[in-house]
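**Student:**
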Amino acid sequence: MGEFLLTTSRLGLREMTMDDLDFMATMLGDQEVTRFYPKAYSREEAVEWIERQRGRYLRDGHGLWLVVEREAGAPVGQAGLVVQQLDDGPELEIGYMIHRHFWRRGLASEAALAVRDHAFANQPVERVVSLVRPENVPSQRTALRIGMKPERTTFHHGLPHLVFSVSREHATTSREG
Ligand SMILES: CC(C)(COP(=O)(O)OP(=O)(O)OC[C@H]1O[C@@H](n2cnc3c(N)ncnc32)[C@H](O)[C@@H]1OP(=O)(O)O)[C@@H](O)C(=O)NCCC(=O)NCCS
């Protein structure tokens with residue numbers, strides 16, 4: 001199963017491996033989950049997704065991690081830190097995705113809050129961001145729940161995205177739950 005890098009009251013976050021392919025392929029292949037993405041992902045693309053995260057773990061020390069519900073011992077999604085190149089330079093992004101069966105239970109907020117606190121405890125950054133499509137209300141509400149505010153619109157992969165951000169000094173309110 002692997003060691004958890006981060007834990008919250010309900011969740012554990014750990015590096016994903018190819019053993020997680022069935023779960024990742026199901027989540028990434030669900031058109032509801034990817035409705036704000038350019039497309040759903042095939043199983044082969046899910047393999048590449050996991051390989052990309054494993055490359056990030058090696059290169060950056062972080063990437064998107066698997067989110068596991070600890071009591072059930074089963075994966076529910078992914079969340080973590082990704083270096084993104086924006087128009088005015090690199091930013092550290094908090095990314096999150098939860099399998100549709102587990103939506104609206106506060107899991108994304110709980111995982112993202114732990115990732116935010118981990119970033120400020122371990123990375124020499126003054127702020128973290130999340131890039132969110134203007135149509136993606138659930139993701140915007142998740143960003144708001146971890147203290148982020150929308151600051152501007154940017155083009156990312158050719159699509160408009162709101163840049164949500166929170167600075168180290170404003171990241172003090174914990175709203176886990
Ligand atoms: C965005 C996502 C991760 C939220 O996951 P979740 O576990 O359901 O989120 P939470 O239960 O923690 O809820 C977070 C906030 O979003 C709100 N929310 C969640 N789903 C919602 C929906 N369908 N409509 C409106 N608000 C919604 C919650 O009410 C909560 O806000 P509140 O505290 O102000 O009420 C999930 O919908 C998802 O995986 N979407 C597809 C992937 C994606 O778009 N990822 C983000 C890319 S930028």
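Residue numbers (this note's numbering): 1 to 177.
Virtual Cβ for every residue (Gly too), placed ideally from N, Cα, C.
Got a sec? Which residues, its chain only, sit under 7 Å from residue 134 by beta carbon, not counting five neighbours each side?
**Tutor:** Cβ neighbours of residue 134 beyond the five flanking positions: 160 and 162.
**Student:** Per DSSP, what kind of secondary structure is residue 120 in: helix, strand or coil?
**Tutor:** In the structure shown, residue 120 sits in a helix (DSSP, three-state: H, G or I).
**Student:** In chain order, what residues of the same chain have a beta carbon less than 7 Å from the beta carbon of residue 132, not counting five sequence neighbours either side?
**Tutor:** Within the same chain, residue 132 has close Cβ partners 139, 140, 143, 161, 162 and 164.
**Student:** Compute the distance between the beta-carbons of residue 77 and residue 96, then report whether it is under 8 Å.
**Tutor:** Closer than 8 Å, so yes.
**Student:** Can you tell me which of 38, 152 and 81 puts its alpha carbon nearest to the alpha carbon of residue 59?
**Tutor:** Selected option, being the one with the closest Cα: 81.
**Student:** Note down, one range per segment and in chain order, each beta strand (DSSP E) of at least 3 residues found wholly within the stretch 72-124.
**Tutor:** Segments of the beta strand (DSSP E) lying fully in the stretch 72-124: 74-86 and 89-98.
**Student:** Residue 23: beta carbon under 7 Å from a heavy atom of ligand 1?
**Tutor:** Checking every heavy atom of ligand 1 against the Cβ of residue 23, none is found closer than 7 Å.
**Student:** In the DSSP output, what is residue 131 paired with across the bridge?
**Tutor:** DSSP, once it has assigned bridges, lists 163 as partnering residue 131.
**Student:** Just checking, does the stretch 83-96 make contact with the stretch 26-38 on the three C-beta pairs under 8 Å criterion?
**Tutor:** Judged by Cβ distances under 8 Å, the stretch 83-96 makes no contact with the stretch 26-38, as fewer than three pairs qualify.
**Student:** How do the stretch 100-113 and the stretch 44-62 stand: do at least 3 beta-carbon pairs fall below 8 Å, yes or no?
**Tutor:** Too few Cβ pairs lie closer than 8 Å, so no.
**Student:** Would a C-beta distance cut-off of 8 Å place residue 14 and residue 68 closer than the cut-off?
**Tutor:** Yes, they are a contact pair.
**Student:** Do you know how far the Cα of residue 126 is from the Cα of residue 176?
**Tutor:** Unreliable placement is indicated for residue 176, whose pLDDT of 45 sits below 50; no coordinate value is reported for it.
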